[in-house]
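Report on the structure given below.
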Amino acid sequence: MAHHGHAHETNTGIDNRKLGFWLFIASESIFFACLLVGYLVYKGGYQPGVGPTDLFNIELTTVSTFVLLMSSLAMVLGVNAAQRNEGRLARRWVLVTALMGLTFLGFQAYEFTHFYHAGLSLSSSVFGTAFYTLTGFHGAHVAVGVIWLLTLLYHGRGAGLTVDKGDDVEVAGLYWHFVDIVWIVLFTVVYLLEFVQ
Amino acid sequence: MATAAKTLGFIPRPTAQTGFWSWVATVDHKRIGILYGVTGFLFFLVGGLEAWIMRLQLARPGLDVVSAKTFNALFTMHATTMIFLGVMPLLSAFMNYLIPLLIGARDVAFPRLNAFSYWIYLFGAIFINIGWLRGTAGGDVPDIGWFAYANLTSVQFSGGLGTDIWVLGLLLLGVGTLVSGFNFIVTILNMRAPGMSLMKMPVFVWTTLVTSAIIIFAFPSVTVALIMLLFDRAFAANFFEVVKGGSVLLFQHLFWTFGHPEVYILILPAMGIISEVLPVHSRKMLFGYSVMVFSTALIGFMGFTVWSHHMFTVGMGPVVNSIFSLTTMAIAVPTGVKIFNWLSTMWGGRLRFTTAMLFAVGFIACFTIGGLSGFMHAAAPSDTQQHDTYFVVAHFHYVLIGGTLFAILSGIHHWFPKVFGRLLDERLGRWSFWLIFAGFHTFAFPFHFLGLLGMPRRIYTYAPGLGWEVWNLLSTIGVFVLAAGVLVLIANFIVTMRKPMDAPADPWDGRTLEWTLPSPPPVYNFATVPTVYLRDAFWFHKHPEGKEKALDYESPRPAPIHLPGSSLMPVLLALAPTIIFAGVLFLRMRLSYGVPVIVAGFVIALLALWGWAFEGEGGSLIEPGEGD
Numbered sequence: 118m119a120h121h122g123h124a125h126e127t128n129t130g131i132d133n134r135k136l137g138f139w140l141f142i143a144s145e146s147i148f149f150a151c152l153l154v155g156y157l158v159y160k161g162g163y164q165p166g167v168g169p170t171d172l173f174n175i176e177l178t179t180v181s182t183f184v185l186l187m188s189s190l191a192m193v194l195g196v197n198a199a200q201r202n203e204g205r206l207a208r209r210w211v212l213v214t215a216l217m218g219l220t221f222l223g224f225q226a227y228e229f230t231h232f233y234h235a236g237l238s239l240s241s242s243v244f245g246t247a248f249y250t251l252t253g254f255h256g257a258h259v260a261v262g263v264i265w266l267l268t269l270l271y272h273g274r275g276a277g278l279t280v281d282k283g284d285d286v287e288v289a290g291l292y293w294h295f296v297d298i299v300w301i302v303l304f305t306v307v308y309l310l311e312f313v314q
Numbered sequence: 047m048a049t050a051a052k053t054l055g056f057i058p059r060p061t062a063q064t065g066f067w068s069w070v071a072t073v074d075h076k077r078i079g080i081l082y083g084v085t086g087f088l089f090f091l092v093g094g095l096e097a098w099i100m101r102l103q104l105a106r107p108g109l110d111v112v113s114a115k116t117f118n119a120l121f122t123m124h125a126t127t128m129i130f131l132g133v134m135p136l137l138s139a140f141m142n143y144l145i146p147l148l149i150g151a152r153d154v155a156f157p158r159l160n161a162f163s164y165w166i167y168l169f170g171a172i173f174i175n176i177g178w179l180r181g182t183a184g185g186d187v188p189d190i191g192w193f194a195y196a197n198l199t200s201v202q203f204s205g206g207l208g209t210d211i212w213v214l215g216l217l218l219l220g221v222g223t224l225v226s227g228f229n230f231i232v233t234i235l236n237m238r239a240p241g242m243s244l245m246k247m248p249v250f251v252w253t254t255l256v257t258s259a260i261i262i263f264a265f266p267s268v269t270v271a272l273i274m275l276l277f278d279r280a281f282a283a284n285f286f287e288v289v290k291g292g293s294v295l296l297f298q299h300l301f302w303t304f305g306h307p308e309v310y311i312l313i314l315p316a317m318g319i320i321s322e323v324l325p326v327h328s329r330k331m332l333f334g335y336s337v338m339v340f341s342t343a344l345i346g347f348m349g350f351t352v353w354s355h356h357m358f359t360v361g362m363g364p365v366v367n368s369i370f371s372l373t374t375m376a377i378a379v380p381t382g383v384k385i386f387n388w389l390s391t392m393w394g395g396r397l398r399f400t401t402a403m404l405f406a407v408g409f410i411a412c413f414t415i416g417g418l419s420g421f422m423h424a425a426a427p428s429d430t431q432q433h434d435t436y437f438v439v440a441h442f443h444y445v446l447i448g449g450t451l452f453a454i455l456s457g458i459h460h461w462f463p464k465v466f467g468r469l470l471d472e473r474l475g476r477w478s479f480w481l482i483f484a485g486f487h488t489f490a491f492p493f494h495f496l497g498l499l500g501m502p503r504r505i506y507t508y509a510p511g512l513g514w515e516v517w518n519l520l521s522t523i524g525v526f527v528l529a530a531g532v533l534v535l536i537a538n539f540i541v542t543m544r545k546p547m548d549a550p551a552d553p554w555d556g557r558t559l560e561w562t563l564p565s566p567p568p569v570y571n572f573a574t575v576p577t578v579y580l581r582d583a584f585w586f587h588k589h590p591e592g593k594e595k596a597l598d599y600e601s602p603r604p605a606p607i608h609l610p611g612s613s614l615m616p617v618l619l620a621l622a623p624t625i626i627f628a629g630v631l632f633l634r635m636r637l638s639y640g641v642p643v644i645v646a647g648f649v650i651a652l653l654a655l656w657g658w659a660f661e662g663e664g665g666s667l668i669e670p671g672e673g674d
């Protein structure tokens, strides 16, 4: 994350790290797409146990979704501040992003516990298997993002996340937005569509 | 070293230039290429040994060389080893060593990630073979076939640890492969020498680019399939539990959406090698360069549209079968185009039948035979007859040995002088070629007849009187001849490495940039970055043929060159998931220290990542000429 100083000129004009990261995101998209296919195949398989509409609390998940989406806004403001060389402000926004990510994870932990007590486990039905695997992998991605953001905060101790660390913040931002976009798809397909009549 | 490396990580960077630690900590693409090549070749020998034992068992009806259980382990590990531990790393060796040299770059885009890819490959390769220590009786060696169909892989039917070891090992190998994929795409798109537009790149660079793109889109689906299988086995999930409503076909679809692109991952770089070797030894420009490039890209794309031809017999219905029949027939077109391009390249050339050339021409012949039997599988009704018979075995041995392996051997003879500074002995080379060529056909051609006579794949023995005896015996004899050829090849390596390093920079009158460098190249590659004006720039630089300008060096005075610092973080970061997966294996074994081991793995991962981030790329400036 911390190698700067010798800016390499590239054929495409795109920084190596950024291009590499876009490719990583492309690959991760296929990963989530395959998990999602598994979920779509299995989402109806819960009889005689509990199913999506028995469990989902759409208001609660809407709130946690809103928190995660707003964290992307905080991330944008953080990247922007870093690029304008307002290091301390950038650091503050990255902290806010990480806290919102943690809040989302808290909601997810609550939701998982609640569902588990209501009778849905990884082995109770194919729906349970697919649900926990899909949303669990997304949650793990959010957790990795939070650790990354906290590492950035450490990286920016002192003068803050100044413009020389702009690319570091931007790449972390790419990851964060990607994880957010995945959640938009999951929230729509897993939760919202269950309530469409 | 002009300036000492500044260390911000918690483990100091090793600064040794030679010896064990210099190899462990190396980030130089040339050294990593050699590591890939040596390790891949060793595992290729292991896979060959497994094949040899199976052929002994099948030489006559009713033999008892190995038990049925061991035979299952052997065919599973033979395929897994050859594909993931032998052939892919050998191709990776060529990519690592050659891509920066072919495009005029200092190194790959991410040298430390490149080292990480190698180490995780090595650890994954050891991991997946670890079960042999406990023998095959308890099912601790993977014995589920290389495509591991659910639900034969459930705990109920595969109670041993073999399946878990296979799943975890492949996940490790997949991580390394994916990272290589990102690395090479960025390197090729971003780090070409001035003037080298995409359509001036050597074809091997193109095939590496397309192969890397296939990797990053194909590996996620097998990763998901493996994770599902792992969750079923380790955490009692239900993905493939039929009683709970799990679908065994989901595994097949996820596996083959990876599995079919995988065969193009194995063949496209091989085609790239052939496209480099043939023009040099024919002393003639590659015929139809642009068609070659577009065919490669088309194959890369269409490779994702044919996977269900592996599943014609599962009952997907006539419409689906017809669609996949058509796409499979269509993908033969760009492949056929390439065959004619290679033939036309040789047509009218001044041919030199060096060992490299012999293997390249052998490739064209053998790959065409494999392509023709593949085309027969495209017709769903005909495939129904051939499915799971030795006819299929014949097909993929023709494309993988006669195709990919011959290309690898051609490439080894072609670039050996560049890598090791010594020319391989041509007399021994010709011996090894003819033994391998004759042995291969003797061993694999009878499979066609065996398949049509109805011999199924994967049976460990058979009854006499089915008309299979003579073909099986012939095939086993062929393996001995093939093995003799490989032994001559190894003898050639040993004899050659004992000779002085006297290979010229350009022994074959080469066409591409690697031949402008001394053999072996200096650690910094190019003292001054070349500017490229033409395809095959070095050839036209030597033989203008009316072209005004092919290649020049803009800055006349060599400037100091930045070399990235060596680092121990890649090997440490590769160790972390290996430890985590060992912990998962302990959980499956119901050992109490499974969880602590997993936690320890995550801690090591975090430390390695932080060390990686905070030590930075580091490195030093070197004056060209220094240390030559």
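Taken in order, these protein sequences are the chains called A and B.
The first sequence begins at 118 in the working numbering and counts up by one.
The second sequence begins at 47 in the working numbering and counts up by one.
Heads up, the beta-carbon is just placed ideally off N, CA and C, and yes, glycines get one too.
Everything numeric in this text was worked out from a predicted model, so none of it was measured.
Exercise. Expressed to the nearest angstrom, what Euclidean distance is found between the alpha-carbon atoms of H272 (chain A) and I301 (chain A)?
Worked result: 30 Å
Problem set entry | Reference M403 (chain B); option with closest CA among B:F437, B:P380 and B:A453 | B:A453
Problem set entry | chain B contact for G162 (chain A) (CB, 8 Å cutoff) | yes
For this session: At 8 Å on the CB atoms, spell out the chain A contacts of F228 (chain B), in chain order.
Result: G137, L140, F141 and S144
Problem set entry | Near-chain A residues of the stretch 220 to 252 of chain B (beta-carbon distance less than 8 Å), N- to C-terminal order | L224, G227, F228, N229, I231, V232, L235, N236, M237 and R238
Exercise. Does at least one heavy atom of the ligand ATP sit under 7 Å from the Cβ of H460 (chain B)?
Worked result: The ligand content of the structure shown is nil, which means the ligand ATP is not present either.
Problem set entry | Paired residues, beta bridge with T435 (chain B) - DSSP | B:P502
Problem set entry | Min CB distance V575 (chain B) to chain A below 8 Å | no
Exercise. Roughly how many whole angstroms lie between the Cα atoms of R23 (chain B) and L216 (chain B)?
Worked result: Any property of residue 23 (chain B) remains undetermined from this structure, which presents chain B solely from 47 to 674.
Problem set entry | DSSP-derived helix/strand/coil call for V578 (chain B) | strand
For this session: Taking only the alpha-carbon atoms, compute the straight-line gap between L152 (chain A) and L251 (chain A) and give it to the nearest angstrom.
Result: 6 Å
Exercise. Hey, how far is the Cα of M392 (chain B) from the Cα of I320 (chain B)?
Worked result: 12 Å
Exercise. Rounded to the nearest angstrom, how far is the Cβ of K384 (chain B) from that of M317 (chain B), given a contact under 8 Å?
Worked result: 6 Å
For this session: Compute the beta-carbon to beta-carbon distance between V465 (chain B) and P566 (chain B), rounded to the nearest angstrom, for a pair I have assumed lies under 8 Å.
Result: 6 Å
Problem set entry | G223 (chain A), buried or exposed, once every other Cβ within 10 Å from all chains shown has been counted against 16 | exposed
Exercise. Does the beta-carbon of K595 (chain B) have 16 or more other beta-carbons within 10 angstroms, so that it is buried, or is it exposed?
Worked result: exposed
For this session: Check whether the Cβ atoms of T577 (chain B) and P135 (chain B) lie closer than 8 Å to each other.
Result: no
Problem set entry | Option in B:G334, B:T574, B:H441 and B:V366 with minimal Cα separation from S390 (chain B) | B:G334
For this session: Work out the CA separation of V84 (chain B) and V313 (chain A) for me, nearest whole Å.
Result: 58 Å
For this session: State the DSSP-derived secondary structure class of L144 (chain B), mapped to helix, strand or coil.
Result: helix
Problem set entry | Alpha-carbon to alpha-carbon, W69 (chain B) and S336 (chain B) | 39 Å
Problem set entry | Where the beta strand (DSSP E) containing S521 (chain B) begins and where it ends | Per DSSP, S521 (chain B) belongs to no beta strand (DSSP E); it is in the alpha helix (DSSP H), E515 to M543.
Exercise. According to the Cβ coordinates, are A199 (chain A) and L278 (chain A) closer than 8 Å?
Worked result: yes
For this session: Give a yes or no on whether 8 Å exceeds the smallest Cβ distance from V289 (chain B) to chain A.
Result: no
Problem set entry | Whole-angstrom distance between G449 (chain B) and D582 (chain B), CA atom to CA atom | 25 Å
Exercise. Are the Cβ atoms of T129 (chain A) and L235 (chain B) separated by less than 8 Å?
Worked result: yes
Problem set entry | DSSP-derived helix/strand/coil call for L91 (chain B) | helix
Problem set entry | Helix, strand or coil at T53 (chain B) [DSSP, three-state] | Only weak support exists for where T53 (chain B) lies, its pLDDT of 41 falling under 50; the value from the coordinates is given anyway. Reduced to three states, the DSSP call for T53 (chain B) is coil.
For this session: Indicate whether L609 (chain B) and G556 (chain B) have their beta-carbon atoms separated by less than 8 Å.
Result: no
Exercise. With 8 Å set as the bound, which would you pick, yes or no: does the beta-carbon of F295 (chain A) sit closer than that to a beta-carbon of chain B?
Worked result: no
Problem set entry | Range of the contiguous alpha helix (DSSP H) that encloses S146 (chain A) | N133 to Y159
Exercise. For G305 (chain B), which residues from the same chain have a beta carbon less than 8 Å from its beta carbon, with the 5 sequence-adjacent residues on both sides left out?
Worked result: F193, V268, W353 and H356
For this session: Ignore the nearest five residues each way along the sequence and tell me which others in F149 (chain A)'s own chain have a CB closer than 6 Å to its CB.
Result: V299
Exercise. Cα-Cα, which of B:G640, B:S638, B:P616 and B:F632 is closest to A659 (chain B)?
Worked result: B:P616
Exercise. Name the chain A residues that come within less than 7 Å of N160 (chain B), Cβ to Cβ?
Worked result: Near N160 (chain B) there are no residues of chain A at all, since even the closest Cβ is about 12 Å away, more than 7 Å.
For this session: Would you mind stating whether F479 (chain B) and T574 (chain B) have Cβ atoms separated by less than 8 Å?
Result: no
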